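Novice: Those letters in the sequence shown? Residues 171 to 395, per the numbering used here, in order.
No residue lacks a Cβ here, since even glycine has one placed at the ideal position from N, Cα and C.
Quick caveat, the model's predicted, so the values are computed rather than measured.
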Amino acid sequence: MKASLTAIAIVVTVVSAGASAETVPPQQVLEFSPAPAAAGDWSYNGAGVLSFDQDIIISSGLGSNYDALVGAHVYLPTFQVAGIPDAPYVLTPLGSAQIVIKSADNSATYLTGALGSGDLSTIGTVAGGFTQFQMDITDLFITHEGSALGSAALALLENLRLPSLDFELSLQGGSGPGYYSFAQMLDGGYSGSGGFSGAMSVPEPTTIALLALGSLALARKRRNE
């Protein structure tokens with residue numbers, strides 16, 4: 171897991187250095203998984219289509235389960251699965267490629283972005299999607315409601331000079347009647363389902379306008395004391 175950018179580090183940098191920008195290392199911005207009370211699954215239809223039950227919540231922001239974004243909903247695209255047996259498969263958004271983050275009651279949109287294609291690598295009954303650390307999500311847009319939320323994770327993204335995100339998926343449960351592995355399910359045309367989790371991260375060192383984050387970081391520090 172990548173180290174988080176802490177609020178105190180932001181404040182110290184702003185006060186002591188007086189700089190307007192600083193390099194941000196690769197780091198995890200948020201994690202998501204099906205809501206605990208829901209039977210959230212991935213589903214494969216046996217004919218190249220991978221989809222998700224859309225009751226997916228954010229479980230942490232910048233490594234904290236107290237970030238204001240925790241509890242918000244993530245909406246993922248449906249994927250077309252293609253590729254050569256015994257090699258990494260390819261996941262391509264089917265229809266809309268948009269990823270959306272909304273409030274817990276779905277009344278407000280906080281973030282939108284466009285997800286590109288990625289690999290799907292299988293090991294036994296599990297699979298990893300988008301395993302290459304790169305810019306998977308582009309055209310990030312933080313809405314007015316997202317800016318006003320008070321989330322340090324969204325504030326970090328909003329102030330990146332070149333905002334983009336790495337995307338990753340972990341899929342479990344790739345076994346069922348007639349098949350014993352994720353690859354056998356895909357290659358044999360079987361349907362299946364199982365649990366999953368995922369994350370979005372800053373994919374490479376980039377710069378951030380620290381002064382814009384100073385007041386929010388200080389407020390978060392005080393709330394955590």
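From which residue to which residue does the beta strand (DSSP E) around Q198 run?
Specialist: 197-204
Novice: How do the region 305-320 and the region 354-367 stand: do at least 3 beta-carbon pairs fall below 8 Å, yes or no?
Specialist: no
Novice: Could you work out which residue in P196, P247, Q197, D225 is closest to V219 when comparing CA atoms only?
Specialist: Looking at the Cα atoms, P247 is the closest of the given residues.
Novice: Between T295 and S351, how many whole angstroms is the CB-CB distance? I'm expecting something under 8 Å.
Specialist: The Cβ separation is near 6 Å, so the contact holds.
Novice: Pull up the distance between the alpha-carbon of E201 and that of A242, whole angstroms please.
Specialist: 11 Å
Novice: Bridge partners of P398, per DSSP?
Specialist: With the chain covering only 171 through 395, there is no way to say anything about residue 398.
Novice: Counting beta carbon pairs with one atom in the region 275-283 and one in the region 255-263, are three or more of them shorter than 8 Å?
Specialist: no
Novice: Between the Cα of S229 and the Cα atoms of A323, T308, S291, which residue gives the shortest distance?
Specialist: A323
Novice: Residues in the same chain with beta-carbon distance under 7 Å from A297, minus the five sequence neighbours each way, listed in chain order, please.
Specialist: L290, S291, L341, G344, F352
Novice: What does the alpha-carbon distance come out to for the pair E328 and D309?
Specialist: 12 Å
Novice: Between which two residues does the beta strand (DSSP E) harbouring F311 extend?
Specialist: 307-312
Novice: If you draw a straight line from the C-alpha of Q304 to the C-alpha of M370, how long is it?
Specialist: Q304 and M370 have their C-alpha atoms spaced approximately 11 Å apart.
Novice: For L285, report the span of its beta strand (DSSP E) as first-last.
Specialist: 279-285
Novice: Residues in the same chain with beta-carbon distance under 7 Å from N215, minus the five sequence neighbours each way, listed in chain order, please.
Specialist: S361.
Novice: Among G346, E338, G299, which residue has its Cα nearest to the Cα of Q198?
Specialist: E338
Novice: Considering just the uninterrupted stretch of the beta strand (DSSP E) at G358, what are its terminal residues?
Specialist: Counting along the chain, G358 falls outside any beta strand (DSSP E), though it belongs to the alpha helix (DSSP H) covering 352-358.
Novice: Can you give me the Cβ contacts of G253 inside the same chain, cut-off strictly under 6 Å, excluding the 5 residues immediately before and after it?
Specialist: Y259, V260
Novice: Look at the alpha carbon of G346 and the alpha carbon of P255, and state the distance between them as a whole number of angstroms.
Specialist: Approximately 19 Å between the Cα atoms of the pair.
Novice: How would you label Y204, buried or exposed, when you count the other beta carbons within 10 angstroms and need 16 or more for buried?
Specialist: Per the sequence presented here, residue 204 reads as Pro, with Tyr not at that position. Flag for P204 reads buried.
Novice: Quick one: is P195 buried, meaning 16 or more other Cβ sit within 10 Å of its Cβ, or exposed?
Specialist: Exposed.
Novice: Quick one: what's got a C-beta closer than 7 Å to N356's C-beta in the same chain, skipping five residues either side?
Specialist: Note that residue 356 is Leu in the sequence shown here, rather than Asn. Shown here for L356: same chain residues with a beta carbon closer than 7 Å to its own, the five before and five after excluded, namely V251, Y259 in chain order.
Novice: If we ignore side chains and look at the alpha-carbon of each, how far apart do S277 and I271 end up?
Specialist: 11 Å
Novice: If you compare alpha carbons, which of I226, L264, D336 is closest to I437?
Specialist: Absent from the model: residue 437. The displayed extent of the chain is 171 to 395, so no value can be given.
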